Every structure is written in structure tokens, then in C-alpha cells.
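Before any comments, here is the structure.
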Amino acid sequence: MSHHSVVFAGKLVGTMIFEPIAERLGYKKTMCLTAVLQCIALIVELTAKDWIVFTVGRIIAYLAVGVVENCVPSYISEISPAGVRGFMSGSMTVLVTLGNLWGAGMSRIYATETRKIGWIIPVAIQFVPALGILALVPFTPESPRWLVSKGRTDAALHSLNRVRPKYDVDQGLTAVEIEAFEQAIEDAKHLKEGSWLDLFRGTFLRRSWVIALLFWFYQSTGLQFVNLYGPTFYKQIGAGANAFTYNVIAQACGVLATIVGILATDHYGRRPPLIIGAAVCVVFNFMIAGIGSAKNRTDAGNKTVIGSTVFILVGSKMFQCISFLMASEIGGRTMRKKFMGFGTSIDVLSAFIFSFCMPYLLKTPGANLGPKVGYLIGGNSFFALIFSLFYVPELAGRSLEEMDELFESRLWAWQFKGAVTKGVGARITQLEARHHGAAEGNDKEEKLNMDDEKQVDIQREHA
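Next comes the structure, spelled out in C-alpha cells:
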């Protein structure tokens, strides 16, 4: 088992313990706890005398990462209005990709360093984000939805007032929104759902398939190939002199791709970035396989292959943006944290499978496919394209509380966009649209032409 893959055991544990910890402690305390774990992990790594102890430190660090990758998108989804949830939740993806760029840059800088500082500095610098979390998270508001679920209505209103425009606070719209959250939670108490087994029952089963496949395709359309084995692959095709430089370029392009992706998710929806990303992965994986496996490959051919790895990283980043976003929103009133944990568990297992198998596919001992591995990844990307076209529902602009009603309607994937909902979920969407001005142009929401006082009265009556 490779060192790359064994550390995923820690991350898998992190994804599994997130839901009970966050449900009990809330998001802020959970984040602080993971920062402490990260600091412990780094101390273990820096004081390690052999690779076994160092690997133990990495496993602890990955445990913290497993919790964080659940906590951050879940928290952002709960505090963001529906119309900007894609951008806000997707911002985590940008920071993760910046982290990859940071790591690639550190590898490039210390690639030829033989002294101890060659590994101590790249490890020690990871204290920066952990200490930043400990310093800044205490000043952030707790999730109003979590506070309402714990009966702390006054604290929930205070938190919501901090993340909504002052005008809406003065008009009493945040108080109405809190009342709607209370009603949604009260309605959910009568539902016989909420266990892990419910992920595989009723309308939740369809959602589980969507999330599981999103995370599988995120890992398997090229991202793990470039992130973990990019430099190895560049050396294999004869471009080893600049392998780490090419990896830095690929990661920089990945950052730009994630920025474009999160900007598109609210304006164009969840489906278009996925469809385009999958199509890009299909084309450029097959280009890698076709051009890279040519017997008399030219320097221009090598450059084309290297450029293609950049494009498949860009394409797979669309799946990264949407996977974490949809996992945090698709669970409805009672299952959001469980869907997040389930999705990231599939993410870890997919990354483990891919990172474990890839060395044996790329070189000897093994299949020694080299560039021909593009045929496998390209074929998988084709299935990702079919999945994106016909199976992924459009959830842009919907409140978290609308999800159950949408899936209970048993719509085709392309019918979600124009579906009309009723009840508390629709009212929360309407209120959240007011907060950021997204009501204009949204064909599933009614135009609000009343003055503010009448609007508040009407919302209170329905709540």
C-alpha cells in the first residue's frame, strides 16, 4: 500500500465523525477542534524520527481535513441565501485549490534540497491555516439553522442579523426568516427519517446516487491523476526537467477554473458547469492517450500532452465545485449533515482507489500504460458526461428546505429548474431572494411588489 493512499484512513474517519460532532457542538467549536488536531498532527510530523511516526502524523492531519471538508460547505450553505449559495459554498473549493498551488510551489522550491529544511519548512508552514482558524473562527456567527434546532431562537436571530443586510434587519425580515426555520424544523419532527439507513430509502436513495457519483467522478476524471502523479507522468513522457514547474502551472489554472466555476453555479446553475467540465475531460484525456502513446512523439506532441493535463484538471474542478455544494444542500430538512458525511466518505474511498491503483497502471511493476491511461480516464469521463446530462438535478436558487418537496415530486433532472414549490421551503426561498436581490428574473419566484410592512405581515401569517 502506497504512502499516498494509507493516509486516507484518517480522512475517512473524519468524514464519519463530522455529523455527530457538529450536531452536538455546532460548527464553530467543530472548526476549532479540527484546528487543534491539525496542530497536534504537525507536531507529530516535525518530531518524527522515522517514516512510520511521520505517517501517523499525516493520518491525524487527514482526519482533521475530513472534518473540515464537511464542516465548511455545510456551514456556508446554512448561512447563505439560496441565490448566492453556489458562490459562497464554492469559495471553499477555491481555497482548497490555492492550497494545492501552495503545495506544488513548495515542492518546486525544495525539489532539490537535500538538507532537513527541505521537508521541515513545507510541513511547518501548515501551522498557518490552523492558527488562522483558531484566531478568527471565534469572531464568526454560528449557523442560525443549527441554533434554531437547539431551541436557541434569540441567538439564532442575532447570528442571522450579522449576515443579512441592515435594511432587512430593520424591516423585521430576519425575524420572519427565523420563524420559517422554526416551522420547517417543527414540520420535520413528524417525519420518520433521520437515520443513516434513510440514505438508502425513499426519495433519499436517488439523492444518494447523485452525491456518490458526483464525488466519484470528481476524483476519477483526472484530478487525482494530475494532483498526485502529474510530475511522475511528466517524467515518464520525457519532460522530467520541468515536471514540478508544469505541476505549478496546472494548479494555477485549476485556481482560475474554480473561480469561474463558482461564479457560474448561481448564474447558470449546477448542471452547465458539470456538463462542460465532463466534456472537456473526455476530449483531453483521449488526446493524452492518442498523442502521448504515439511511437515517434515530437516535442510539440509532448507539449500538447502536458497542456492536456492542464485541461483535464480544469474540467475535473467543475465536479469539485458542484460535489461539495450539492452534498451540503441536497439533504433537505433532516439529512443535510448525513448527506455531507456520506458524500465525503465516497470522496475518500474514490481517492483511495484511484491513488492506490494509479502507480500500477502508469508504470512497472504493473500495466505500464503510461499515456494510454487516458483511454481509461477518458472512458470514465464519458460516463460522467452522460450522468451530468440526464441525472443531475438543477438546485440553483432553491432554499435548503425546498429539497424534500422537489425530490418527492419525482421530476426528471431537467425539470427541477422550472418546478414550482409551496409551503415553508418556498417562503424561505422568497425571503432569501429579498436579501440579495435575486428575486428579479427568477421564473420560479413570484414578483414581490408589496411594501415591506405588508410583506412581513403576510409572511408571518403563513409562518
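Quick note: the sequence shown uses the numbering used here, first residue 401, plus one each step. We treat Cβ as the ideally placed atom computed from N, Cα and C, and that holds for glycine. Just so it is clear, the structure is predicted and the values come from calculations on it, not from any experiment.
Looking at the backbone, the Cα of residue 578 and that of residue 500 are separated by about 38 Å. In this structure, the beta-carbon distance from residue 746 to residue 612 falls below 7 Å.
Distances from the CA of residue 620 to each of 456, 716, 528 and 603 were compared; the closest alpha carbon is that of 716. Three or more beta-carbon pairs separated by less than 8 Å are not found between the stretch 579 to 595 and the stretch 681 to 690, which leaves the two stretches without contact. Secondary structure at residue 702: helix, using DSSP grouped into helix, strand and coil. By the 16-neighbour rule on beta-carbons within 10 angstroms, residue 815 is exposed.
Per the C-alpha coordinates, the member of 614, 446, 411 and 525 positioned closest to residue 786 is 614. If you draw a straight line from the Cα of residue 478 to the Cα of residue 545, it comes to about 6 Å. Shown here for residue 662: same chain residues with a beta carbon closer than 7 Å to its own, the five before and five after excluded, namely 486, 487, 490, 491, 493, 494 and 721 in chain order. CA-to-CA, the gap between residue 469 and residue 411 works out to about 10 Å. The Cβ-Cβ distance between residue 413 and residue 446 does not fall below 7 Å.
Cβ-Cβ separation between residue 654 and residue 497: approximately 5 Å, consistent with a contact (criterion under 8 Å).
For residue 670, there is no enclosing alpha helix (DSSP H), as DSSP marks it with neither H nor E.
Residue 670 sits buried, since 16 or more C-beta atoms from the chains shown fall within 10 Å of its C-beta. Between residue 710 and the set 474, 725, 798 and 627, the nearest pair of CA atoms involves 627. In the DSSP assignment, residue 496 falls within the alpha helix (DSSP H) that extends over 485 to 509.
Secondary structure of residue 812 (DSSP, three-state): coil. With 16 or more other CB atoms across the displayed protein chains lying within 10 angstroms of its CB, residue 799 is buried. A residue is called buried when at least 16 other Cβ atoms come within 10 angstroms of its Cβ; residue 737 meets this threshold and is buried. With a contact defined as Cβ atoms closer than 8 Å, residue 705 and residue 631 miss out at about 14 Å. Going by C-alpha positions, residue 781 is about 7 Å away from residue 617. The Cβ atoms of residue 751 and residue 624 lie closer than 7 Å to each other.
Inter-residue distance for residue 767 and residue 773 is about 9 Å (C-alpha atoms, whole angstroms). In the three-state scheme derived from DSSP, where H, G and I count as helix and E and B as strand, residue 525 is classed as coil.
Inside the stretch 702 to 767, DSSP marks whole alpha helix (DSSP H) runs of 4 or more residues at positions 736 to 762, from first to last along the chain. Take the alpha-carbon of residue 523 and the one of residue 444: they are about 11 Å apart.
Residue 574: member of the alpha helix (DSSP H) spanning 573 to 588, first to last residue. Secondary structure at residue 551: coil, using DSSP grouped into helix, strand and coil.
Look at the stretch 595 to 666 and you find these whole runs of alpha helix (DSSP H), each 4 residues long or longer: 602 to 620 and 623 to 636. Pairwise C-beta distances place the stretch 641 to 654 out of contact with the stretch 824 to 833, as fewer than three of them are shorter than 8 Å.
In this chain, residue 564 is not harboured by any alpha helix (DSSP H), its DSSP state being neither H nor E. In the pairwise beta carbon analysis, the stretch 790 to 806 is classified as touching the stretch 664 to 679: at least three pairs are separated by under 8 Å. Pairing residue 791 with residue 819 gives a Cβ-Cβ distance that is not under 7 Å. Closest option to residue 699, judged by alpha-carbon separation, among 638, 569, 543 and 832: 638.
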